Each structure stands twice: as C-alpha cells, then as structure tokens.
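Input: a single structure, listed below in structure tokens.
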Amino acid sequence: MTATDSERVLGVREIDGEPFGDIMAALESLERSEPLLLLNSFEPESLYGVLEQRGFTYETTQTSERREIRIEHTDG
26 MTATDSERVL GVREIDGEPF GDIMAALESL ERSEPLLLLN SFEPESLYGV
76 LEQRGFTYET TQTSERREIR IEHTDG
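See below:
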C-alpha cells in the first residue's frame, strides 16, 4: 500500500510517547472523503475498536519495515 495524492499520511513511529492523541487529532481534521494512511511499527489492535466506534473503516498491510493502516470514514 502506498500513499496517494488524495490521502494524508501520518507516521507515528517517530513520535516520542503515546501516539493516540496525534492519531485522533489527524482523524478529526479529515474531510469526509479524505483517507488517512497511518504508518506504524506494530499492530495497533487497541486502535481498531476506537476507529469502529467513531465511524471509520481500516485496512492494514504489513511490510517488512512497518504496518500501513489506511483509515477512512465509513460513509466516505
């Protein structure tokens, strides 16, 4: 999975500390049709339930270096 021109990218591997606040801020600023590509070093399993509760869908792809999670509004 690679970023497209129409989606925002947030790399949280370099964030010092818990990235949850940064992820939520990025999601809140998205347009309804704008996806977010989240780049992470581990499977953010606790995030998935929060995404579903807030009306987002996600697709996770694992590469040798990272996890890429494409997040979109359910009604995008």
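Position 3 (the sequence shown) corresponds to 28 in my numbering; numbering is contiguous.
Backbone N, C-alpha and C fix where the C-beta goes; we use that ideal spot for every residue, glycine too.
Given the structure is predicted, the values throughout are model-derived calculations rather than measurements.
Residue environment, residue 97, which counts as buried when at least 16 other CB atoms sit within 10 Å:
buried
Report the rounded CA-to-CA distance for residue 100 versus residue 55, giving the unit in angstroms.
13 angstroms
Can residue 64 and residue 91 be called in contact, C-beta distance under 7 angstroms?
yes
Could you tell me the distance, in whole angstroms, from the CA atom of residue 59 to the CA atom of residue 79?
15 angstroms
To which residues does DSSP link residue 93 through a beta bridge?
64, 86
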